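Residue numbers (the working numbering): 35 to 392. From the three backbone atoms N, C-alpha and C, an ideal C-beta is built for every residue, glycine too. Just so you know, these numbers come straight off a predicted model, no measurement behind them.
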Ligand code: PLP
């Protein structure tokens, strides 16, 4: 297997893929695969419940939070959040730190007045706003932000303080990468395809007093309380994704949980940024305190070499390093499943490429 730096769908732990492969034709001696089982069977329900419990353990999710295993991707949450959380309010606060914040904002504007509590558009989204820069509205139904901007590579180095107004976080590209205090949030959501498992599953962690008051005309399938009451089985859930997420959660526990992963992630990110900073050949424009641990964009001093870099990286077995089409350059996504040895290999490749072409 090659080293995969994709932003998503992203690398999965090899150990987990092998386990899934072993179980594929005959799950635990039942003579069929997990994908072919009823979601209502006691076997599948136990897999689903174990996955939820493991996620609760990993993130230390308090009992007054529901954990939902949904479909529709993080993008569907851009509408479910206002539809469920606005209640009798007319406005919501959004912090704008880049492409994904903007998409969430555009969708929310279809349902409510959006107050931009802060934006870093003036510096081309190369930093996150500080707590002091947030202009929060006490009347807002919630405050939405993107702790890690996958495309820009900008990550908050703090959790915004929002008083009594619930804080909502799009953790698609940072969930389970470092420990966080879930009780600081009203709602956390993440598409699975980076740090959780295969695409097609979306995890929502929501404080239970925030659900049950959806806009009456909204679709039933958008109602968190329906999914919560049915243990995410109001209809057929994404059974394979949920199962595989469960295997990932167990793998994560074997790595020392989120705290163990956090140490590895910090080390991986620090050595990659150090390699970029050490050389005039490579650059990363993000304010040091807000450099993402998960998505590391970088440019070459000579953009004419970009294509060469990608080609030679591919030949060396380092895949998916091309930056997002909206920013150009390169991007190395180094999620939980990307081992430290892959980051070491990337750093060695970068030094070699620089040597060859400068
Ligand atoms: N939010 C962030 C931060 C993302 O990185 C992504 C996807 O890549 C999304 C939202 C969209 O997720 P999905 O494709 O699951 O709708």
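Query	Result
Residue interval of the alpha helix (DSSP H) (run including residue 54)	48-57
CA nearest to the CA of residue 295, picked from 41, 162, 242 and 213	213
Simplified DSSP state of residue 283, which is helix, strand or coil	helix
Among 360, 347, 392 and 358, nearest to residue 376 - alpha-carbon criterion	347
Whole-Å CB distance - residue 275 paired with residue 231, under 8 angstroms assumed	6 angstroms
Secondary structure of residue 123, DSSP reduced to three states	coil
Given residue 91 as reference, the closest of 308, 389, 382 and 283 once Cα atoms are compared	283
Alpha-carbon to alpha-carbon, residue 87 and residue 350	40 angstroms
Reduced DSSP secondary structure (H/G/I, E/B, other) of residue 202	strand
Test item: CB-CB of residue 244 and residue 104 under 8 angstroms	no
Residue 393 CB to nearest heavy atom of the ligand PLP below 7 angstroms	The chain is shown only over 35 to 392; residue 393 falls outside these bounds and no answer can be derived.
6 angstroms Cβ shell around residue 257 - same chain, five flanking residues per side excluded	248
N-terminal and C-terminal residue of the alpha helix (DSSP H) that residue 145 is part of	From DSSP, residue 145 is part of no alpha helix (DSSP H); its letter is neither H nor E.
Straight-line gap, residue 356 to residue 366 (C-alpha atoms, nearest Å)	8 angstroms
Residues of its chain near residue 360, where Cβ-Cβ distance is below 8 angstroms and the 5 sequence neighbours each way are ignored	133 and 185
Chain-ordered residues, beta carbon under 6 angstroms from a heavy atom of the ligand PLP	42, 107, 108, 109, 134, 180, 184, 204, 206, 207 and 225
Neighbour-count burial assignment, residue 384, 16 or more Cβ in a 10 Å radius	buried
Residues near residue 78 in its chain [Cβ-Cβ closer than 6 angstroms; skip 5 each side]	71
For residue 195, the three-state DSSP class (helix, strand or coil)	coil
Residue range of the unbroken beta strand (DSSP E) whose run includes residue 100	99-104
Residues bridged to residue 179 (per DSSP)	203
Contact check, residue 391 vs residue 352, beta carbons under 8 angstroms	no
Residue 254 (DSSP reduced to helix, strand or coil)	helix
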